[in-house]
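Engineer: Below you will find the structure I want to go over with you.
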Amino acid sequence: MKLFEIQILVFVALLFVCPSFVHGWGVDGHLTVCRIAQPRLSEAAANAVKDLLPASADDDLGSLCSWADRVKFHYPWSSPLHYIDTPDNLCTYLYSRDCKDENGIKDRCVAGAINNYTSQLLSYGKDAASQHNLTEALLFLAHFVGDIHQPLHVGFTSDKGGNTIDVHWYTRKTVLHHVWDDNIIETAEQRYDNSDVDELIDALQKNITAEWADKVKTWETCSSGKPPCPNVYASESIKAACNWAYKGVSENSVLEDDYFLTRLPIVNLRLAQGGVRLAAALNSIFG
Ligand SMILES: [Zn+2]
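Using mature numbering (1 follows the signal peptide of the UniProt record, and there is no 0), the letters of the sequence shown map in sequence onto residues -24 to -1, 1 to 263.
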């Protein structure tokens, strides 16, 4: 068996044997971001994505959008790349101050990871491509552009982005971080989408062409340089975390309709922005 075939086998095996630990948007959140992005790709970007995806994905980026969560145990170095810890209660983000891991190693945060995998993917079709695993670079980028839009992925340091804040989601015990990864999306699907993620995706796609149509251009562009611009996305997230996610919540808060109905528009907006910006990034990378 050739080395390349062995690599593919190991890669496919990893997809199935790894426990699924949710981090960042849950599976449906990531799926939504990737499903919004893929139809927005230019021909060149769509061809590159098709070329880089393993055959098992059947040209569906969404099917592997949570791959980065599933490989965390096999790639322990990748765990800190899913989020950014910012100083408690400041409600601001600064790359130079905040983009580091728990050991203080610079650039090891979701914004740094987006920059790194973007520059790896820019080698696609060039000699330098052989130095990287561009399939993994694509799957990491697609996942991390989603994560950086989850407000509590750019949260406070001491509560680990709401992971240590116990709350009740209606009657169920959970933590605030999980409410934003999964519960708000799940409750919305149950109430408005017949528990079907495809209906949620359809509804967001309709909003992108209607309610948000005049904003999409600003989402897609970066004030300095080409997309992606992770520092902009991270700054928006910590603002939303302070204004919406943390707001009015304390240890053992019971979160119900008041919280759900006012926060759902933020979740919908961030999922849509994540999808639009992932497409803009891939279109910019692959030309
Ligand atoms: Zn993640």
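The C-beta atom is built at its ideal place from N, Cα and C for all residues, glycine as well.
Compare the beta carbon distance of Asn1 and Gly88 with 7 angstroms and say whether it is the shorter of the two.
Structural biologist: According to the sequence provided, residue 1 is Trp. The question's Asn does not apply to it. Taking 7 angstroms as the Cβ cut-off, Trp1 and Gly88 do not qualify as a contacting pair.
Engineer: What do you reckon, is the C-beta of Val58 under 6 angstroms from a heavy atom of ligand 1?
Structural biologist: Residue 58 is actually His in this sequence, not Val. In this structure, the C-beta of His58 approaches ligand 1 to less than 6 angstroms from one of its heavy atoms.
Engineer: Quick one: grab the DSSP three-state call for Glu232.
Structural biologist: coil
Engineer: With burial defined as no fewer than 16 other Cβ atoms inside 10 Å of the residue's Cβ, what is the status of Arg167: buried or exposed?
Structural biologist: exposed
Engineer: Ligand 1 and Gly(-1): does the residue's C-beta get closer than 6 angstroms to at least one heavy atom of that ligand?
Structural biologist: For ligand 1, at least one heavy atom lies less than 6 angstroms from the Cβ of Gly(-1).
Engineer: Let me know if Gly80 comes out buried or exposed under the rule of 16 or more other beta-carbons within 10 Å of its beta-carbon.
Structural biologist: exposed
Engineer: Grab the span of the alpha helix (DSSP H) containing Arg11 for me, first residue to last.
Structural biologist: Looking at the DSSP string, the run of the alpha helix (DSSP H) that includes Arg11 is 3 to 13.
Engineer: What is the rounded straight-line gap between the Cα of Thr111 and the Cα of Asn23?
Structural biologist: 13 angstroms
Engineer: By the DSSP assignment, the beta strand (DSSP E) with His144 in it spans what residues?
Structural biologist: 142 to 145
Engineer: Any chance the CB of Asp123 is under 6 angstroms from a heavy atom of ligand 1?
Structural biologist: With a threshold of 6 angstroms, the Cβ atom of Asp123 counts as near ligand 1, since some heavy atom of the ligand is closer than that.
Engineer: Measure the Cβ-Cβ separation of Lys26 and Asp35 and say whether it is below 7 angstroms.
Structural biologist: yes
Engineer: Please report how far the alpha carbon of Phe229 lies from the alpha carbon of Ser106, in whole angstroms.
Structural biologist: Phe is not the amino acid found at residue 229; the sequence shown has Ser there. Distance between the alpha carbons of Ser229 and Ser106 is about 51 angstroms.
Engineer: Can you give me the C-alpha to C-alpha distance between Gly224 and Ala164, rounded to a whole angstrom?
Structural biologist: 21 angstroms
Engineer: Pull up the CB-CB distance for Ile214 and Gly5, whole angstroms please, since I reckon it's below 8 angstroms.
Structural biologist: At roughly 18 angstroms, the Cβ-Cβ gap does not stay under 8 angstroms, so Ile214 and Gly5 are not in contact.
Engineer: Go to Phe132, then tell me how far its beta strand (DSSP E) extends in each direction, as first and last residue.
Structural biologist: Unbroken beta strand (DSSP E) run through Phe132: 130 to 132.
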